[in-house]
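In the working numbering, the protein residues as written are -9 to 195.
The beta-carbon is built from N, C-alpha and C at its ideal position, and this holds for glycine as well.
Keep in mind that this is a model prediction, so the values were computed, not measured.
The next block holds one structure in the form of structure tokens; read it before the comments.
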Amino acid sequence: MTSQDHRQAAVAATLTAVREIERSQGVTRASLAAITVELQKLTDQSDLFNFADFPPPQAASGSTSTRYYLNHPGAGTDPDDIALYFNSIIPGKTTVPHNHDTWAVIVAVQGEELNRLYARHDDRSNPEQAEISLLRELTVKPGSPISFLPDDLHSIHVQGDQPTLHFHLYGRPLDTLSGRIGIDPERGRIVNYNQTFLNQAVTAA
-9 MTSQDHRQAA VAATLTAVRE IERSQGVTRA SLAAITVELQ KLTDQSDLFN
41 FADFPPPQAA SGSTSTRYYL NHPGAGTDPD DIALYFNSII PGKTTVPHNH
91 DTWAVIVAVQ GEELNRLYAR HDDRSNPEQA EISLLRELTV KPGSPISFLP
141 DDLHSIHVQG DQPTLHFHLY GRPLDTLSGR IGIDPERGRI VNYNQTFLNQ
191 AVTAA
């Protein structure tokens, strides 16, 4: 078997285990913790998941991240199936606070990504405005994962001088998440996150 065959087999086995957890336990903090354990097993296979096979963008390109779709759907694939991406990011990547409109789990192979987690305080009656505050910060790095329920809010900030390699697992593919919102942390203005910020360019791995 080639390294690509081994990588596809490893991804398939992980996603099978994740689907079974979601099917049997639903989507809760506890089930996301169990899913995180399964996803972290992939981080032990650095021979299959590394910068050589998943390079980040060049700084001169103007882009700060390359998103590789590890279970790229083919014809007949359920568009609402879970989606596993491998993000290769250079320092400078940052986002506004946003939700995911589905559950999400992030684990690191290499590098550090600062996550800021937010609480929302308004009654959500105004679709154009929100009131949020910073809850805490957590740095996602090898051995320190993070997970989110659909309405959880966070922002990411890749600092320092080292690129990152992180698995991002979602309950549905990113391009189907029409209910994602982004929030200006100072003014509270709400925008459609996918329309405003999501880079649709994805590389199938």
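Return helix, strand or coil for ILE80, following the three-state DSSP convention.
-> Correct three-state label for ILE80: coil.
Could you give the distance in angstroms between the alpha-carbon of ILE80 and the alpha-carbon of GLY172?
-> Taking the straight line from one Cα to the other gives about 22 Å.
LEU104 to THR129 span [Cα, whole Å] = Approximately 4 Å between the Cα atoms of the pair.
From VAL86 to ALA20, what does the alpha carbon distance come to, in whole angstroms?
-> If I take the Cα positions, the gap works out to 27 Å.
By Cβ distance, which residues of its chain are closer than 6 Å to ALA98, with the 5 residues on each side in sequence left out?
-> Excluding residues within five positions, the ones whose Cβ falls inside 6 Å are VAL130, LYS131, PRO132, HIS156.
What is the rounded straight-line gap between the Cα of LEU125 and the Cα of MET(-9)?
-> It is roughly 47 Å from the alpha-carbon of LEU125 to the alpha-carbon of MET(-9).
Three-state class that DSSP yields for ALA20 in the structure shown = Secondary structure of ALA20 (DSSP, three-state): helix.
Measuring alpha carbon to alpha carbon, tell me which of PRO47, HIS147, GLY101 ends up nearest SER134.
-> For SER134, the nearest C-alpha among the options comes from GLY101.
Alpha carbon to alpha carbon, what distance is there between LYS83 and LEU38?
-> Whole-angstrom Cα-Cα distance: 24 Å.
Extent of the continuous alpha helix (DSSP H) to which GLN100 belongs | Not the alpha helix (DSSP H): GLN100 falls in the beta strand (DSSP E), residues 94 to 100.
For GLU28, which of helix, strand or coil comes out of DSSP?
-> Residue state, collapsed to three classes: helix.
Enumerate, from N- to C-terminal direction, the unbroken beta strand (DSSP E) stretches of 3 or more residues contained entirely within the region 143 to 173.
-> Here the runs fully enclosed are 143 to 147, 154 to 160, 171 to 173.
Per DSSP, the bridge partner or partners of LEU104 = DSSP output for LEU104 lists THR129, HIS147 as bridge partner(s).
With distances taken Cα to Cα, identify the nearest neighbour of THR92 among GLY16, ASN116, ASP(-5).
-> Ranked by how close their Cα comes to the Cα of THR92, the residues GLY16, ASN116, ASP(-5) have GLY16 in first place.
On the three-pair Cβ rule with 8 Å, is the region 34 to 51 touching the region -4 to 5?
-> Because the criterion of three Cβ pairs below 8 Å is met, the region 34 to 51 and the region -4 to 5 touch.
Where does GLN238 sit, in a helix, a strand or coil, going by DSSP?
-> Nothing can be reported for residue 238: it is not among the residues displayed for the chain, which extend from -9 to 195.
Taking only the alpha-carbon atoms, compute the straight-line gap between ASP70 and ILE25 and give it to the nearest angstrom.
-> In this structure, the alpha-carbon of ASP70 lies about 18 Å from that of ILE25.
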